[in-house]
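For reference, the structure discussed in these notes is given below.
Chains as they are written, first to last, in the numbering used here: chain A, 927 to 1115; chain B, 2 to 171.
This is how it looks when you write it as C-alpha cells:
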C-alpha cells in the first residue's frame, strides 16, 4: 500500500485541500477557514475548466458537501487539524502534501497557487462577491448576494486595489466604462 | 555585442508616456537602444482615446512601438475570466512566446499574473527610471512627468508613486 492508498489521496476531494493547505497565500499564511477552502477549490476548478468535485449553490454561494465530508476524514486521519476555527496541516499532513506536490501536474499546481493567492486573504464579503460575479449561477439560492450588491462599489474597488481583478473586469462588474472606474478610484486615492 | 533590452507595453504606460507626458521624442531616442513592442490589441486600445484626448496620435505610436499581431496564449484565458479583451492578456501572451521580453504593466492584477508565470515585469515608473539612467530626461522633464503622472486618471499604487518621487528627486 502506498501513502496515496492509505489515506485515499488519489481522490481530488482529499488531495486538493491537503495541497491547498500547504501553499502560501499573498500574506504568506497557510491556514484556511471553511469558506475560503470552499471558494478556493471552486475557483481552482474554474481555472481548470473542470467540475471534479460535486458542488451545490447554497445560501453562501457555491459549496461542496463532498469537500466538507472529506475534510472531516482528513481530520480524523490526523492529517489536518483546526486551530482557532481554521484548518491547518499536521506534521504528517505536511509530509504527505510535500510528496503529493512533487507528483502533481505543474500547470494544475500553478492554478491552485493562483486560486489561493487570489482569495485566501480577502474578507468573507470580498471572497463571496468575487465568486458570485465569477460564477453567476451561484447567485441563485444566495441569501448574501443582494446584501453584497448594495455595497458592490466598495467591494469591486477593494478587489481592484488588492490586485485581484483588472480595471476591465472592475468596470464591467460596476456597469461603467473603464475610464469612469479609474476616475472613481483616483478620486478616492 | 550588447543585446538591446526588450519591452512589451500594456496600454496605460503607452498613454501615460506618449499622451499625458508627451515624451514621444525621448521615447524615440530610447527606442534606439531598446526594443519596444506593442501587441495590436494595445494599439487598438490606445487609438480609441478618451474624453480628455479624443484623437491620440497613432502615427507617433507606430514610430515608437513595433506593433505585433502575435497569437493569444489560450492558457492565460482562465486567469482573465475567459475574456481576451484587455491589453494585458496580449502583453503577457507575447512575453510567454518571447521570454527575452519584459512586460510593462501598471495594474497589480496583471503584474501578479506575470509573477505567477515567472515573467519579468516593470511599469511606467520603471521605464521613466530607465530613460533617466540613459540621460534622456533632464530635471525639468522629470518634474513635469511627476506632476502629470499624479494628475493622470490611471491608478498607480502609493508605493509606485513613492518610487516616482525618488526617481524625480522630490
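C-beta atoms are modelled at their ideal positions from N, C-alpha and C, and glycine is treated no differently.
Just so we're clear, the structure is a prediction, and the values are computed from it rather than from any experiment.
Fill in: Alpha-carbon spacing of residue 1029 (chain A) relative to residue 129 (chain B), whole angstroms
44 Å
Discussion item. Please report the distance separating the alpha-carbon of residue 15 (chain B) from that of residue 1068 (chain A).
Written reply: 42 Å
Worksheet entry | the segment 944-953 of chain A / the segment 1041-1059 of chain A touching (three or more Cβ pairs under 8 Å) | yes
Worksheet entry | alpha helix (DSSP H) runs contained entirely in the segment 1008-1061 of chain A, provided each spans 4 or more residues | 1017-1029, 1032-1045, 1050-1060
Fill in: Whole-angstrom distance between residue 1056 (chain A) and residue 932 (chain A), CA atom to CA atom
36 Å
Practice prompt. Can you have a look at residue 991 (chain A) and say buried or exposed, based on whether 16 or more other CB atoms are within 10 angstroms of its CB?
Written response: exposed
Worksheet item: Rounded C-beta distance between residue 971 (chain A) and residue 963 (chain A)? I'm assuming under 8 Å.
Response: No, residue 971 (chain A) and residue 963 (chain A) are not in contact; Cβ-Cβ is about 13 Å, not under 8 Å.
Worksheet item: Helix, strand or coil: which one does DSSP assign to residue 938 (chain A)?
Response: helix
Practice prompt. Could you list the residues in the segment 946-974 of chain A with a C-beta less than 9 Å from some C-beta on chain B, going in chain order?
Written response: 952, 972, 973, 974
Discussion item. Taking 8 Å as the threshold (beta carbon to beta carbon), is residue 111 (chain B) in contact with chain A?
Written reply: yes
Practice prompt. State the DSSP-derived secondary structure class of residue 1066 (chain A), mapped to helix, strand or coil.
Written response: coil
Item to complete: Could you tell me which chain B residues have their CB closer than 7 Å to the CB of residue 1040 (chain A), listed as they occur along the chain?
Response: 80, 117
Worksheet item: Considering only residues of the same chain and omitting the five flanking positions on each side of residue 118 (chain B), which have a CB-CB separation below 8 Å?
Response: 93, 97
Fill in: Three-state secondary structure assigned by DSSP to residue 943 (chain A)
helix
Discussion item. Shorter than 7 Å, the distance from the beta carbon of residue 1006 (chain A) to the closest heavy atom of the ligand ATP, or not?
Written reply: Of the ligands one can find in the structure shown there are none, so the ligand ATP has no counterpart to examine.
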